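With my numbering applied, the sequence shown corresponds to residues 95 to 356, in that order. Here a beta-carbon is modelled for each residue, glycine too, at the ideal position from N, C-alpha and C. Quick caveat, the model's predicted, so the values are computed rather than measured. Structure, as structure tokens:
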Amino acid sequence: MLVSVWAWSQQPQADKTQKRAAPRGNPPDTEVWQPVPAVITPGQNYGLPPSDAVVLFDGTNLQQWVSTKDKSPASWKVEGGVFTVDKSVRGNNIETKQAFQDYQLHIEWRIPEKITGEGQARGNSGLFLASTGGGDAGYEVQIVDTYNNENKTYVNGSAGSLYKQLAPLVNPARKPGEWNTYDIAWVAPTFNDDGSVKTTARVTVFFNNVLVQNNVELSGETVFIGKPFYKKYESAPIKLQAHGDPSEPISFRNIWVRDLSK
Ligand code: MG
């Protein structure tokens with residue numbers, strides 16, 4: 095049937111008023127049939143993991159996470175199906191045991207209802223899409239209270255920004271005390287043997303189901319001071335930030351990832 099339709103389409107057009115030339119070539123040349131995308135079962139409700147996800151936090155424990163500093167068990171407190179940043183130790187970032195390249199990620203976060211502080215010192219944490227070293231090394235999607243733009247700060251440091259590189263397209267943040275979601279597609283950078291960049295990092299971010307980063311290109315790792323730069327890595331953990339500011343610590347829940355590098 096397909097062949098006969100194609101053969102028909104190759105017949106000279108009877109309508110001489112038709113000015114546009116008939117397309118040349120073989121239509122099947124541009125059809126892609128393999129590999130067939132695997133059928134998976136989506137979660138029944140919004141935000142729940144599909145059947146092929148690696149669950150990084152299901153509400154019970156932090157067994158998938160370690161301290162960034164010394165790889166000891168993550169000390170952040172799990173309670174009531176959520177976990178909360180432990181700011182009692184300076185620089186107490188945590189990261190996944192598992193390393194990733196390209197992936198899809200879902201994560202939920204909540205600023206405390208009675209948050210205090212101003213600017214970057216108001217509910218600051220962060221999601222590092224790739225932890226390329228200790229401290230805050232890597233590529234950070236910022237988490238901070240910028241609900242309703244009431245807390246003034248630089249826009250490329252607001253929630254949904256790629257820190258100090260790209261402001262979010264809009265601000266769909268929910269108010270303190272309510273849960274926010276990030277759904278992210280991360281395309282890791284790749285490198286040549288000499289360490290130079292082969293392909294840059296790209297990321298798409300949905301913030302509470304609203305597109306805030308549309309397949310944007312990063313200039314390198316996100317840095318607090320100076321210009322972004324790339325440094326070679328193969329695969330990296332996902333990291334959460336224990337920011338040094340004194341404001342009340344934020345909480346996380348329902349974290350899962352789909353590894354796209356396999
Ligand atoms: Mg941060």
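Check	Outcome
Sort V183, R184, A168 and G185 by Cα distance to F177 and report the nearest one.	A168
Give a single yes or no on whether I237 has its beta carbon closer than 7 Å to a heavy atom of the ligand MG.	yes
Would you call Y248 buried or exposed, if buried means 16 or more other Cβ atoms sit within 10 Å of its Cβ?	exposed
Is the number of C-beta pairs between the region 184-194 and the region 319-332 that are closer than 8 Å three or more?	yes
If we ignore side chains and look at the alpha-carbon of each, how far apart do V149 and P143 end up?	7 Å
How would you label W159, buried or exposed, when you count the other beta carbons within 10 angstroms and need 16 or more for buried?	buried
Using the three-state DSSP reduction, which class does V249 fall into: helix, strand or coil?	helix
Does T111 pass the burial test, meaning 16 or more other C-beta atoms within 10 Å, or should it be called exposed?	The predicted model places T111 with a pLDDT of 44, which falls under 50 and marks its position as unreliable; any figure quoted below should be read in that light. Burial call: exposed.
When every heavy atom of the ligand MG is checked, does at least one fall within less than 7 Å of the C-beta of E212?	no
Taking S225 as part of the beta strand (DSSP E), name the residues at either end of that continuous run.	S219 to S225
Helix, strand or coil for D339, going by three-state DSSP, please let me know.	coil
Kindly give me the distance between the Cβ atoms of E234 and G220, rounded to whole angstroms, as I take these residues to be in contact under 8 Å.	4 Å
Going by DSSP, name the residue or residues bridged to K171.	T178
For a test of the three-state rule: what should DSSP assign to T162, helix, strand or coil?	coil
Within the continuous beta strand (DSSP E) that includes E311, where are the two ends?	V304 to E311
Closer than 8 Å is the cut-off here; do at least three beta carbon pairs connect the region 260-275 with the region 317-329?	no
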